[in-house]
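Asker: In our numbering, the protein residues as written are 103 to 592. Every residue, glycine too, gets a C-beta built ideally from N, C-alpha and C.
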RNA sequence: GGCCCCUUAGCUCAAUUGGCAGAGCAAUUGACUCUUAAUCAAUAGGUUGAUGGUUCGAUUCCAUCAGGGGUCACCA
């Protein structure tokens, strides 16, 4: 460890003695490896030899196979690998001396001509070799790659260098977010950024992180959702609006939860939750067209076709069907209590009616929703920002989209009656007093905005990380977040 | 936070019942001008996550701690 560092430092000093700049400023690259492969892969060895196409390219050394006066190396440019071939009689004496001081992990640039080896591998015959950067640490082993999850997360760069799939996941993530943006821009939505630091945390049922602003001497909360700010923009007349940004929730970490995660929230005036279920289907189709060859999600051992329209299943019906309890008993708090006592003997009852329903939903329903399914008409008690259903005043026009047993999206017809909204907030305050510390708080600024009049609107939030999991097959949210939260070392 | 599992060379992994801690890759030295997990010869590399205990003797058994993973809870 210390020893390998020292050896490599010594090599860097020798390079300097040869007059080589240890940290040069730039290198002209004419082609990425992917371009070189695309351009020349199909040509036969003889044609390539005749053409002797000149390229300049650069990458990190992943493997060195030296036969003394003839050296093969594999370079990696973050995307593709390419073999380069250094022959003593093809390069200057200095370049060959430099070549002799290279280690796996170093970064070099080469100028040379394209050819194919005897075994048919596309390669660059090096004419000039430029040292670009030294690596003082050995790379993880080439054959097994880097297995240690902790190192992969803490030193993500190593994961990206030696595990080809890692880089691919984050490229896909980038393409997915780009496709989401395009989808909404094409439909005339305006992208905005609203505060990450909130005086009152709101828009979702979750425990917030607290921080402090010194000059104002006030506590602030990292946002749990942008919802209440985006709806202020609806009041202001922004007809179609979306935001892609981070939310922060001071909660547990699991395969599906990271304390900071990326959400898109979008809103449109004059629409309702039915419109937004359809829009969600269109969005998933658009992402599928962009990222999947055949409109089938492959997640873990499951194959999940994305074929709208997705079934709609009422929240209470879903619990009833799986639990065997008649729907009317689910509305009866006493009956609920009895059922939960039977299900989890000895455990404390959830503090509120809403929490009991959520417990049963999570227990009976959530994991079973593998094929894309809209769960609809959530009870009013757990939906403080949604409009009451036109069909049953105990329910709201709210839906959640489930895929692979994961909640992916949450949308509703937005409650725009300020008097009703105030009553809902007050009910939340009562829940908080009963012991539900994720219950929402009264946001008077938001209520004041509603009092100025907000047109009917639909709104929805989609967890981007979980979408990326679905589209990349990742089992853990940590696999799709570059630097997931871990306990700091030392 | 509860329970279970893991932590051995830079990396991937071994080590019989508690009996001198090993291999492959990487590294070092040497040979080799079409190799590709290059090959061949030699060399070096360790406070077995930390601390304490049991024992003649601990990588192995016990306790505590640290980090990670899994699971349940919390959580949308």
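In this structure, does DSSP put residue 409 in helix, strand or coil?
Answerer: The sequence position of residue 409 within the first chain is 307, counting from 1. Here residue 409 sits in coil by DSSP.
Asker: Determine the direct distance from the alpha carbon of residue 510 to that of residue 564, and round the result to whole angstroms.
Answerer: Residue mapping note: residue 564 aligns to position 462 of the first chain, counting from 1. Residue mapping note: residue 510 aligns to position 408 of the first chain, counting from 1. Straight-line Cα distance between these residues: approximately 6 Å.
Asker: Does DSSP put residue 372 in a helix, in a strand, or in coil?
Answerer: Residue mapping note: residue 372 aligns to position 270 of the first chain, counting from 1. In this structure, residue 372 counts as coil in the three-state DSSP scheme.
Asker: Throw me the rounded Cβ distance for the residue 173 and residue 201 pair, which I believe falls under 8 Å.
Answerer: For the purposes of this step, residue 173 is identified with residue 71 of the first chain, where counting begins at 1. For the purposes of this step, residue 201 is identified with residue 99 of the first chain, where counting begins at 1. Sure, about 6 Å apart at Cβ, within 8 Å.
Asker: Could you tell me which residues DSSP pairs with residue 230 in its beta bridges?
Answerer: As a working mapping, residue 230 is identified with position 128 in the first chain. According to DSSP, which records beta bridges pairwise, residue 230 is partnered with 213.
Asker: Would you kindly work out how many angstroms separate the C-alpha atoms of residue 407 and residue 167, rounded to a whole number?
Answerer: Within the first chain, numbered from 1, the residue matching residue 407 stands at position 305. Within the first chain, numbered from 1, the residue matching residue 167 stands at position 65. Between residue 407 and residue 167, the C-alpha separation is close to 45 Å.
Asker: When the Cα atoms are used, what is the spatial distance from residue 353 to residue 411?
Answerer: Here residue 353 refers to the residue found at position 251 when the first chain is read from its first residue. Here residue 411 refers to the residue found at position 309 when the first chain is read from its first residue. About 34 Å.
Asker: How about residue 504 and residue 468: do their beta carbons lie closer than 8 Å?
Answerer: Taking the first residue of the first chain as position 1, residue 504 is located at position 402. Taking the first residue of the first chain as position 1, residue 468 is located at position 366. Yes, the Cβ-Cβ distance between residue 504 and residue 468 is below 8 Å.
Asker: Rank 269, 415 and 328 by C-alpha distance to the C-alpha of residue 349 and give the top, closest one.
Answerer: Your numbering for residue 349 matches position 247 in the first chain. Comparing Cα-Cα distances from residue 349 to each of 269, 415 and 328, the minimum goes to 328.
Asker: Would you tell me roughly how many angstroms separate the C-alpha atoms of residue 443 and residue 496, rounded to the nearest one?
Answerer: Residue 443 sits at position 341 when you count from the first residue of the first chain. Residue 496 sits at position 394 when you count from the first residue of the first chain. Distance between the alpha carbons of residue 443 and residue 496: 24 Å.
Asker: Taking all protein chains shown into account, decide if residue 365 is buried (16 or more other Cβ within 10 angstroms of its Cβ) or exposed.
Answerer: As a working note, residue 365 is residue 263 in the first chain. The residue in question, residue 365, is buried, as its Cβ has 16 or more Cβ neighbours within 10 Å.
Asker: Can you tell me whether residue 144 is helix, strand or coil according to DSSP?
Answerer: Numbered from 1 along the first chain, position 42 holds the residue referred to as residue 144. In this structure, residue 144 counts as coil in the three-state DSSP scheme.
Asker: Could you give the first and the last residue of the continuous beta strand (DSSP E) run that contains residue 176?
Answerer: Here residue 176 refers to the residue found at position 74 of the first chain. That run of the beta strand (DSSP E) goes 172-178.
Asker: Please report the residue range of the beta strand (DSSP E) in which residue 349 lies.
Answerer: For the purposes of this step, residue 349 is taken as residue 247 along the first chain, with counting starting at 1. Taken as a continuous stretch (DSSP letters only), the beta strand (DSSP E) holding residue 349 covers 342-350.
Asker: What are the start and end residues of each continuous alpha helix (DSSP H) run of 4 or more residues lying completely inside the stretch 104-137, in chain order?
Answerer: Whole alpha helix (DSSP H) segments, 4+ residues: 104-119.
Asker: Rounded to whole angstroms, what's the CA-CA distance from residue 112 to residue 326? Just pull it up for me.
Answerer: Start at 1 with the first residue of the first chain, and residue 112 comes out as number 10. Start at 1 with the first residue of the first chain, and residue 326 comes out as number 224. When rounded, the distance between both Cα atoms is 51 Å.
Asker: Spatial neighbours of residue 530 within its chain, please: CB distance less than 6 Å, with the 5 preceding and 5 following residues excluded, ordered by chain position.
Answerer: Counted from its first residue, the first chain places residue 530 at position 428. Correct list, in chain order: 486, 541 and 542.
Asker: Closer than 6 Å by C-beta to residue 133: which residues in its own chain qualify, once you throw out the five before and the five after it? Chain order, please.
Answerer: Within the first chain, the letter at position 31 stands for residue 133. These residues qualify, in order along the chain: 157 and 159.
Asker: Exposed or buried, which one is residue 103 when buried takes at least 16 other CB atoms within 10 Å?
Answerer: Here residue 103 is taken as the residue at index 1 of the first chain, counted from 1. Confidence at residue 103 is low in this model, with a pLDDT of 48, below 50, so the placement of that residue should be treated as unreliable; the coordinate-derived value is given next. Under this definition residue 103 is an exposed residue.
Asker: Rounded to the nearest angstrom, what separates residue 559 and residue 373 at their Cα positions?
Answerer: Translated into the one-based positions of the first chain, residue 559 becomes position 457. Translated into the one-based positions of the first chain, residue 373 becomes position 271. C-alpha separation (whole angstroms): 5 Å.
Asker: Residue 506 by DSSP, collapsed to three states: which one?
Answerer: Taking the first chain and counting its residues from 1, the one referred to as residue 506 is at position 404. It is coil, neither helix nor strand.
Asker: Measure how close the beta-carbons of residue 574 and residue 271 come, nearest whole angstrom, since I'm counting them as under 8 Å.
Answerer: Counted from its first residue, the first chain places residue 574 at position 472. Counted from its first residue, the first chain places residue 271 at position 169. With a Cβ gap of about 5 Å, residue 574 and residue 271 count as contacting.
Asker: Starting from residue 168, trace the beta strand (DSSP E) in both directions and tell me its first and last residue.
Answerer: Translated into positions along the first chain, residue 168 becomes position 66. First-last of the beta strand (DSSP E) with residue 168: 156-168.
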